[in-house]
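Engineer: In the UniProt record's numbering, the protein residues as written are 1 to 45. Quick one: this structure, given as structure tokens, is what I'll be asking you about.
Right, here's the structure in full:
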């Protein structure tokens with residue numbers, strides 16, 4: 001999409017985003033709730 005990389009999450013998007021944070025591939029997770037914290041993300045935007 002317009003040259004912007006994106007990921008299709010096979011299940012919960014928050015779990016996928018938290019995994020990307022833990023792997024050091026992204027800095028944080030943009031979310032409207034706190035679910036990403038339960039999956040191990042430590043930076044929420």
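Just so you know, even glycine gets a beta-carbon here, dropped at the ideal spot from N, CA and C. Note that the structure is predicted; figures quoted are calculated from it, not measured.
Bridge partners for residue 44 per DSSP, in chain order?
Structural biologist: Beta-bridge pairing links residue 44 to 29.
Engineer: Given a cut-off of 8 angstroms on the beta-carbon distance, is the pair residue 21 and residue 45 in contact?
Structural biologist: Not in contact: residue 21 and residue 45 (Cβ atoms no closer than 8 angstroms).
Engineer: Between residue 30 and chain C, is the shortest Cβ-Cβ distance under 8 angstroms, so that the two count as touching?
Structural biologist: The question asks about chain C, but that chain is absent: this structure has only one protein chain.
Engineer: How would you label residue 9, buried or exposed, when you count the other beta carbons within 10 angstroms and need 16 or more for buried?
Structural biologist: Residue 9 is exposed by the Cβ-count criterion.
Engineer: Just to confirm the assignment, what range does the alpha helix (DSSP H) spanning residue 36 have?
Structural biologist: 35-38 is the span of the alpha helix (DSSP H), which, as asked, contains residue 36.
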